[in-house]
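Letter by letter, the sequence shown follows residues 13 to 400 of the numbering used here.
Some notes on the structure that comes next.
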Amino acid sequence: MLFEESNRLKSIPPYLFAEIDKIIKKKKEEHIDVISLGIGDPDTNTADAIVKELCKEASNKENHRYPSSYGHKVLKSAAARFYKKRFGINIDPENEVLPLWGSKEGIANIAYVYVNPGDLVLVPDPCYPVYKIGTMFAGGTTYAMPLTEENDFLIDFSKIDENAAKKAKLMHLNYPGNPTSAPCSVNFFDKLVDFASKYEIIVCHDNAYGDIYADDEHKPVSFLNAKNSKDVGIEFYSLSKSFNMTGWRISFAVGNDAVIKSLGKYKSNVDSGVFNAIQHAAAVALDNYEELIDLNNKIYNRRRKKVWELLDKIGFKYYKSYNTIYIWVKVPEGYDSASFAKALLDKSNVVVTPGSAYGSYGEGYFRISLTIDDCRLEEALDRMKNVF
Ligand SMILES: *Cc1c(COP(=O)(O)O)cnc(C)c1O
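Written out as structure tokens, the structure is:
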């Protein structure tokens, strides 16, 4: 019997780096020590206090039943306290917060909430692939907003085609960003709110790296710090990267109450909310954010510096950002993103992500991830130094 996939699934663009994956697999089978700097998944454990809370709440019988699709008040009020303390923003925990199974889920599902077949969604290029795939699954089309180094990888609203802006239903964006690592200012978010209000576009800001920063000078702002931002959209705040909780699948959407309500309505029809014990544990994370984030940032600062030093030494150019767990590096003369990634793997058994994986404006770059222990990172850098 032939199990034919839906057109939706069949229309996922072909994976560009299958060849590189094949080489990695073959090398591993040959017991060659391959080091991956390609994956953005924190290598540090989730803090004990968070794990303990999960264990405690997991044995509470009340949590063994269906949770509410609209979230548990323990996490919603912790999220509101956190936004107040961390960003200085007032949030109504009952109507302006929605717990999610990770931001990826929320980003993919928001398309089904607002996008009709044929609708247009604005996405950055390069970007986190889910913005495009989610849109496509819902039958929408994406319009690329190029991010270039000349413009510090910020969206240039004046370059968005007027007709596209008029037609657009939704916009995704992400600062500090993956893969570019670029941050933005409140001033930028203010311009975003103006643009979105003018064209009546729902803003979905993906704040996955909002608490990864080198020092106070580089502390990211929230989209909700912009004036009238709550009128035009929401922010996805993920605990995955900032609290080393990628495996837990927990984040929340925060902002415009109507968007929160509609996303909750959608979710109540396709899932039944997040395990309450996980919501309790996430609340502990948010309530102790200062201490927890500090520990993480010390680790990433050390690694970021190590990578910068090496790149300076071998003369590779990179975007100097004090945010995220990534470094966005220009490929050297004579290569494109894919051929460089392949050459690096061939010559040194080190894996990096080719920038073109994130969109055509990622071409000419590769991404190094800092989520690997210091010894392995040093080993990988040594190998790079020896071949370039
Ligand atoms: C890692 C990442 C996510 C995933 O968040 P989850 O909460 O783990 O689903 C979302 N957006 C960006 C830009 C990311 O890099």
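Cβ coordinates follow ideal geometry from the N, Cα and C atoms, glycine included.
Computed from a predicted model, the values in this text were never measured in an experiment.
The alpha helix (DSSP H) enclosing residue i, as first and last residue numbers
{"i": "Arg-77", "result": "Neither: Arg-77 is in no alpha helix (DSSP H) and is coded neither H nor E."}
{"i": "Glu-303", "result": "301 to 326"}
{"i": "Leu-87", "result": "85 to 99"}
{"i": "Val-282", "result": "269 to 282"}
{"i": "Tyr-373", "result": "Here Tyr-373 belongs to no alpha helix (DSSP H), and DSSP marks it neither H nor E."}
{"i": "Met-148", "result": "142 to 149"}
{"i": "Asn-398", "result": "386 to 399"}
{"i": "Arg-20", "result": "19 to 22"}
{"i": "Tyr-347", "result": "Taken as a continuous stretch (DSSP letters only), Tyr-347 belongs to no alpha helix (DSSP H), as it is neither H nor E."}
Member of the options whose CA lies at the smallest distance from the CA of residue i
{"i": "Asp-45", "options": "Glu-391, Asn-398, Lys-397 and Val-399", "result": "Glu-391"}
{"i": "Leu-112", "options": "Ser-351, Val-319, Asp-306 and Tyr-249", "result": "Tyr-249"}
{"i": "Thr-58", "options": "Glu-321, Lys-342 and Asn-300", "result": "Asn-300"}
{"i": "Ile-103", "options": "Val-127, Gly-152 and Gly-267", "result": "Gly-267"}
{"i": "Val-244", "options": "Arg-314, Met-183 and Asn-75", "result": "Met-183"}
{"i": "Ala-226", "options": "Ser-89, Asp-164 and Asn-308", "result": "Asn-308"}
{"i": "Tyr-140", "options": "Tyr-338, Val-363 and Ala-238", "result": "Tyr-338"}
{"i": "Val-205", "options": "Gly-276, Lys-242 and Pro-232", "result": "Lys-242"}
{"i": "Lys-40", "options": "Leu-389, Val-363 and Ile-384", "result": "Val-363"}
{"i": "Phe-169", "options": "Lys-179, Pro-158 and Asn-72", "result": "Pro-158"}
{"i": "Thr-147", "options": "Lys-34, Phe-207, Ser-23 and Lys-317", "result": "Ser-23"}
{"i": "Asn-163", "options": "Tyr-373, Cys-387 and Asn-398", "result": "Tyr-373"}
For residue i: DSSP bridge partner residues
{"i": "Ile-339", "result": "Ile-380"}
{"i": "Leu-255", "result": "Here the sequence assigns Phe to residue 255, which means Leu is not the residue at that position. Per DSSP, none; premise fails for Phe-255."}
{"i": "Pro-366", "result": "Phe-378"}
{"i": "Val-266", "result": "Val-109 and Glu-247"}
{"i": "Tyr-225", "result": "Asn-335"}
{"i": "Tyr-211", "result": "The partner list for Tyr-211 (beta bridge, DSSP) is empty, contrary to what the question assumes."}
{"i": "Tyr-330", "result": "Val-341"}
Opening and closing residue of the beta strand (DSSP E) in which residue i lies
{"i": "Lys-181", "result": "180 to 185"}
{"i": "Asn-219", "result": "214 to 219"}
{"i": "Leu-49", "result": "From DSSP, Leu-49 is part of no beta strand (DSSP E); its letter is neither H nor E."}
{"i": "Phe-248", "result": "245 to 250"}
{"i": "Val-135", "result": "132 to 137"}
{"i": "Val-109", "result": "109 to 112"}
{"i": "Tyr-155", "result": "153 to 158"}
Contact under 8 Å by Cβ, residue i with residue j
{"i": "Ile-380", "j": "Leu-49", "result": "yes"}
{"i": "Glu-247", "j": "Asn-281", "result": "no"}
{"i": "Tyr-99", "j": "Leu-298", "result": "Reading off the sequence, residue 99 comes out as Phe, not Tyr. Contact flag unset, no."}
{"i": "Pro-54", "j": "Lys-253", "result": "yes"}
{"i": "Trp-320", "j": "Tyr-377", "result": "no"}
{"i": "Phe-201", "j": "Phe-235", "result": "yes"}
{"i": "Val-135", "j": "Thr-154", "result": "yes"}
{"i": "Leu-110", "j": "Phe-287", "result": "no"}
{"i": "Tyr-330", "j": "Pro-191", "result": "no"}
{"i": "Ala-295", "j": "Val-86", "result": "yes"}
{"i": "Ser-193", "j": "Ser-368", "result": "no"}
{"i": "Asn-128", "j": "Gly-151", "result": "yes"}
{"i": "Ile-101", "j": "Asn-237", "result": "yes"}
{"i": "Pro-79", "j": "Gly-222", "result": "no"}
Heavy atom of ligand 1 within 7 Å of residue i beta-carbon
{"i": "Lys-279", "result": "no"}
{"i": "Lys-329", "result": "no"}
{"i": "Thr-258", "result": "yes"}
{"i": "Asn-107", "result": "no"}
{"i": "Gly-114", "result": "yes"}
{"i": "Asp-218", "result": "yes"}
{"i": "Asn-186", "result": "yes"}
{"i": "Ser-263", "result": "yes"}
{"i": "Tyr-140", "result": "yes"}
{"i": "Ser-18", "result": "no"}
{"i": "Gly-52", "result": "yes"}
{"i": "Lys-144", "result": "no"}
{"i": "Lys-239", "result": "no"}
{"i": "Asn-190", "result": "yes"}
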